[in-house]
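Same order as they appear, the protein sequences are chains C and A. Numbering-wise (this note's numbering), the first sequence opens with residue 24 and increments by one. Numbering-wise (this note's numbering), the second sequence opens with residue 907 and increments by one.
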Amino acid sequence: MNAYPLLSLAIWLPIIGGALVLLSGGENRLQLSRSLSLVISVATLLITLPLYQGFDSSTAAMQFQEIHPWIERFSVTYHLGIDGLSLPLILLTSFISVLVVVSSWANIATRVSEYLGAVLIMEGMMIGVFAALDAVLFYVFWEAMLIPMFLIIGIWGGPNRVYATIKFFLYTFLGSVLLLVALIYLYRQSGSFSLLDFHQVALDAEVQTLLFFAFLAAFAVKIPMWPVHTWLPDAHVEAPTGGSVILAAIMLKMGGYGFLRFNLPIVPDASQQWAGLMIGLSLIAVVYVGAVALVQKDMKKLIAYSSISHMGFVTLGIFLFSAHGLEGGMAQMVSHGFISAAMFLCVGVIYDRMHTRQIGDYGGVVNTMPVFAALMMFFVMANSGLPGTSGFIGEFLVILAAFDNSFWVALTVATSLVLGAAYNLWMYRRVIFGAVANDAVAALTDLNGRERFVLGVLAIAVLGLGVLPNPLFEIMHASVEALLDHVSKGKL
Amino acid sequence: MSDIKTICSIIAFAPLVGAILAGMGGRIIGRAGAHTVTIAGVGISCLLSIRLLMDLLATTATGEPVVYNETLYTWLESGGLTLQIGFLIDQLSATMMVVVTFVSLMVHVYTIGYMRDDPGYQRFFSYISLFTFAMLMLVMANNFVQLFFGWEGVGLVSYLLIGFWYTRDSAIFANMKAFLVNRVGDMGMVLGIAAVAYLFGSLDFATVFADPAAHSETTFQILNGEPWSAITVTCVLLFIGAMAKSAQFPLHVWLPDSMEGPTPISALIHAATMVTAGIFLLARTSPLFELSETALSFVMIIGAITALFMGFLGIVQNDIKRVIAYSTLSQLGYMTVALGASAYAAGIFHLTTHAFFKALLFLAAGSVIIAMHHEQDMRKMGGLRKYMPITYLTCLIGTLALVGFPGLAGFFSKDAIIEAVKYSELPGADFAYLAVLAGVFVTSLYSFRLLFLVFHGKERMDDHTREHLHETPLVVTGPLMALAVPSVVIGALAIEPMLFGNFFGDSIFVLPGHDVLQGLQSHWHGALQFALHGFTQIPFLLMLAGLAAAWVLYRQKPELPGLFTDKLAWLHRVLLNKYYLDDFNQTVFAGGLRGIGQFFWRIGDVALIDGLLVNGSARAVGAFAGVLRHIQTGYLYHYAFAMMIGLMVLMSMLWFVIQ
């Protein structure tokens, strides 16, 4: 065990720091709130880096564990720990959070300290979700995280924000209730709330099926899978840029993480039994949602649908039960964290200037914002899965895995090469290319230093992961292998 | 030779460095700086590539052919699959490297003149250098993934360059079309790569090609019923990728539209290098294709269709660049036919000669376009011969090379293909033979039509343009002259080693039963004999017939073409509309996809899921609550009354239970 409780620090520093930022509020102390939140988010990022450096990639066992008694009567413990599946997502969270804080400096004008405080508190809770190894602790973070997000959309959101927040909250909350029932059942069976005990507890086939669908309800909504995906486009459209970034880059990944941490290890036999259903739903997500993305007129809606389509690769990869599929799904999650963040930030950049998200209101932006156009071109290509960018790795590995499963699954999922390029490039063409469409476009100014920094950092991340993906994969191998082994043995 | 890995890295990455400097530092280093760094980068690559090829040939001549297989780093390891970035340098890749870097260098120099007044000067140099980098990664790859990286990289730069003049609607339509059509091919390509990984457990060329025959009996169960040969499926999938990139029917539709881009890139990307990537892919994967006669037949038939029917379209075009574009399509068809007939060497040979003379023709067309103040309609040209002698002469050389005049580059490579197809015994070879023969006439007709319309006859331009007509500067004519030399001599010099010698060493694999070039070799008595013999052969007569037809139609009796188009109006319309393929794609695929998207969105998401399920259940809850609300009146005596009733009910139930 490590000398410092790094995981606890990574969770509680932003939460407590966020509370401090809240208290620091006041219209005349904007700069204080901004600087303080930047310092806290950077400090959190620095705390998570030693997790990577000290991580032993040769073992699938939990590392950096912290166990303290919490509610002894129900054998609930404060148990944290990470393996190769959670570490990449924690790093993603702390990395993206810094960019969200920086990008929110200018485009949030009201209640700045409250907004930044909510972002930081949410960051801590999200890290908590990825690090928790106790079901109650997990569930607390999982549910509590909804509150700051609910507020971010509901207070700083667009005109239809009330409908969107209620839809978002009810959708995710209803899914989570079944998760709670499942966790309590597992406690009765295993006698503890430890997730690691859940992984080992014997369960018969029928119970596994029930638990599988209880988990599915929670995680399918979160990631989201078709047909429980319609909350996401509405939430994105109404959310402020930073909210969209957190939602797309990190919160969706909790669904994928849930499948890996709950469905596969706790109910391995049911997971295999229902893999056909999951593959089918994933393919629908890729094709159906990809086609829907093609006809969107609102940029944020388009990117939201694109996210759902990309998450189809994640669920497909997970339920193919092969190393390519699982690691491809993980890589897709990390990559999508970068790319979707960049795409939403790109939309935010022009939204801040023109206050419209409608594709039809733009045209010829390249004439006035060439640097922005170049960066967005890069992200659009990454979002279409161009090799050399991170977007390619996950899709490629999942297609390889799908081919092992069936030619037709591979063919269906490969249509995203065409669909993805179609909706991305068509949007890019209508927004960026062409002659200057109107006076508002003619008056645009190119990226400022802060925007250049944020998008530039993300471009480096996308390119870096695309060219050198192996360090990410080295972290995952042992955990993925152990998980696949566990699933193939089953519990029956 | 010193450290081969370093040399390969310099060859591949020097253009990248140039591209980054010109692209990101374009404002700092200025115009001269941008073309200096990029030309320096590509120049270094070109010199080193030539030296590498010469070294390889020297070692091949002395004995065992040398192959350099160098690994740079491990890109990815997952599930037993190790993917590395590295270089495979054999005679095949070295030939491609020389072709790519030499043409690229010429185009770089030419661009100084062509793009002189364009505000996007630095951006253009950055793109073409980036293209050179991606193309080199493609041909130097020692594995399928890196090849695919280069494959998509050149596709990206092609997209950027077709849409270089991004304010033109036609350009930004054409570039999206090009990318999407190529993506359709990429679907096949990715699935083909997945099939290779599935069969061989590796994507490394050396491992996969070590013993592919071990899998010749493996089958895929794709549809219920007959199992499909795994190798055939893999090859057809890979070929679908090649069909898009090398513009084979029916995935060729993007190439004519790509002429929206500036002319230098039409020469570099859409004639000499990128479009030959598919040809290269098939030559590289020859050990797989050799195992499947079905796939080879398929390749040959698609190539034959492209060679003949795309040639027809060249006859009716009036845009000078589009004529050459259709000519490129047709010539790519020839190369594909050669691959299908297992004459990979002949295919690569034609690729090489074609790269030089087609780049020459495009750059000559560009020279004409500059002189004509960016007018591309041949009906407004004519008689340019006396204003632009160098352009005319070089263009004439290019034309003669293209139509296969005996002795020039195209003659050797095209005749080799025609002969090779004659010896092929695969199903479809007869059709292919007729198609490539007829194609000679068609090629000759559209090529001389272009030459006569542009350089001979009446001067049809307006007075203002005529007054300013003059030969283009040396940065433009220089590359023309430099490309004219190989367009004349490369065929005669290279035919013997490339087709019959040990030029390609082990880089191309041909089964003994498929070796059609063997048949050709038995009649081989040297290049001079072959050329002289060519004067008595059918292709030469067909070429003459095409020349005569063009002479009559466009010099002697210029009223005749009009008569033809009147009499055969339906045929003319079909050709002008490019067999209606564009309309078909636009309606069925583009329109259909949007229709499906609208349907899923409006009916699936908005009406069913959101309307019925989500908001419906919300409404149901609301309605239910509305009913319940009537009970909660807020009057104390209502509640007290309900309590009393309830108490009475409970007590009577208790009473009954006790009883």
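Cβ atoms here follow ideal geometry from the backbone N, Cα and C, with glycine treated the same way. For clarity, every value in this text was computed on a predicted model and none was experimentally measured.
- Look at residue 942(A) here: in three-state DSSP terms it is helix.
- Bounds of any beta strand (DSSP E) do not take in residue 1411(A), whose DSSP letter is neither H nor E.
- Residue pairing by DSSP places residue 1047(A) opposite 993(A) in a beta bridge.
- For the options 285(C), 218(C), 251(C), the alpha carbon positioned closest to that of residue 234(C) is the one of 285(C).
- Cβ neighbours of residue 190(C) within its own chain (closer than 6 Å, five residues either side excluded): 254, 257.
- The C-beta of residue 184(C) has 16 or more other C-beta atoms within 10 Å across all chains shown, which makes the residue buried.
- Neighbours of residue 1075(A) across chain C, judged by C-beta separation under 8 Å: 457.
- From the beta-carbon of residue 416(C), the residues of chain A found nearer than 8 Å are 982.
- Close to residue 321(C), with beta-carbon spacing below 8 Å, lies no residue of chain A; the smallest spacing is near 12 Å.
- When Cβ pairs closer than 8 Å are counted between the two stretches, the stretch 418-428 of chain C is seen to touch the stretch 347-355 of chain C, the count reaching three or more.
- With a threshold of 8 Å between beta carbons, residue 1086(A) makes contact with chain C.
- Taking the Cα positions, residue 1559(A) is about 51 Å away from residue 155(C).
- Membership of residue 249(C) in any beta strand (DSSP E) is not indicated, and neither H nor E is assigned to it by DSSP.
- Under the Cβ criterion of 8 Å, residue 985(A) is counted among the residues facing chain C.
- The straight-line gap separating the alpha-carbon atoms of residue 246(C) and residue 168(C) is approximately 15 Å.
- Short of 7 Å from the beta carbon of residue 1312(A), and not among the five residues preceding or following it, lie these beta carbons of its own chain, in chain order: 1437, 1440, 1441, 1446.
- Residue contact check for residue 384(C) against chain A: no CB pair falls below 8 Å.
- With respect to chain C, the C-beta atom of residue 1502(A) has a partner C-beta closer than 8 Å.
- For residue 1333(A), the closest of 1246(A), 954(A), 1472(A), 1183(A) by C-alpha to C-alpha distance is 1246(A).
- Contact note: residue 311(C) reaches chain A through 1506, 1510, using a C-beta cutoff of 8 Å and chain order.
- DSSP assignment within the stretch 78-128 of chain C yields the following whole beta strand (DSSP E) runs of 3 residues or more, N-terminal first: 86-94, 99-105.
- Annotation: residue 37(C) to residue 31(C) spans about 10 Å, alpha carbon to alpha carbon.
- Collapsing the DSSP output to three states places residue 319(C) in coil.
- Of the candidates 454(C), 29(C), 434(C), the residue whose Cα lies closest to the Cα of residue 395(C) is 454(C).
- Just measuring C-alpha positions, the residue of 365(C), 366(C), 341(C) sitting nearest residue 354(C) is 341(C).
- For a Cβ distance threshold of 7 Å, residue set 1499, 1502, 1503, 1506 of chain A lies close to residue 314(C), ordered along the chain.
- Looking from the CA of residue 979(A), the closest CA among 1477(A), 922(A), 1094(A), 990(A) belongs to 990(A).
- Bridge pairing for residue 1110(A): 1049(A) [DSSP].
- Bridge partners of residue 1126(A) according to DSSP: 1134(A).
- Measuring C-alpha to C-alpha distances from residue 1162(A) to each of 1168(A), 1149(A), 1170(A), 1176(A) identifies 1176(A) as the nearest.
- DSSP places residue 51(C) outside any alpha helix (DSSP H), giving it a letter other than H or E.
- Going by DSSP, residue 981(A) is part of the beta strand (DSSP E) stretching over 974-984.
- In the three-state reduction of the DSSP assignment, residue 1343(A) falls in the helix class.
- Listed as beta-bridge partners of residue 987(A) by DSSP are 984(A).
- Excluding five sequence positions before and after residue 1466(A), the CB atoms of its chain that fall closer than 6 Å to its own CB belong to 1459, given in chain order.
- For residue 305(C) and residue 331(C), the gap between their C-alpha atoms comes out near 10 Å.
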